[in-house]
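Since the structure comes first, as structure tokens, the remarks are kept for the end.
Residue numbers (my numbering): 1 to 113.
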């Protein structure tokens, strides 16, 4: 059992410190426990939230919004929205391909998503 909202806040504090970025985080959803694999969820959320931090637009306020929905403690849905640069339509079909990097300037290995 783990609390997704609490887990995201903890992850956020680690990532915000590592990236030294002034991105604002908003988390909407219940503050309740859920039975699932918190370690695997942490890996996925870490990759997505890191990308949301790294690829923010230079101008304006940087914001990330997380919406959590727990349905009868049987299913968990997490939606993450940011105001970053986004992913080009041509790149979208390839983002889950192993070692694919949509941006050649990125310093990742292409195994994050």
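Positions of the beta carbon are idealized from the N, C-alpha and C atoms, including for glycine.
Cα-Cα separation, residue 86 to residue 54: 11 Å
Rounded distance between the beta-carbons of residue 76 and residue 46, thought under 8 Å: The C-beta distance from residue 46 to residue 76 rounds to 16 Å, too long to meet the 8 Å contact threshold.
For residue 95, the first and last residue of its enclosing alpha helix (DSSP H): Residue 95 -> no alpha helix (DSSP H), and no H or E assigned at all.
Residues near residue 69 by beta carbon distance below 7 Å, same chain, minus five either side: 29 and 77
Every unbroken beta strand (DSSP E) inside the segment 31-79 [3 residues or more]: Qualifying beta strand (DSSP E) stretches, in chain order: 63-71.
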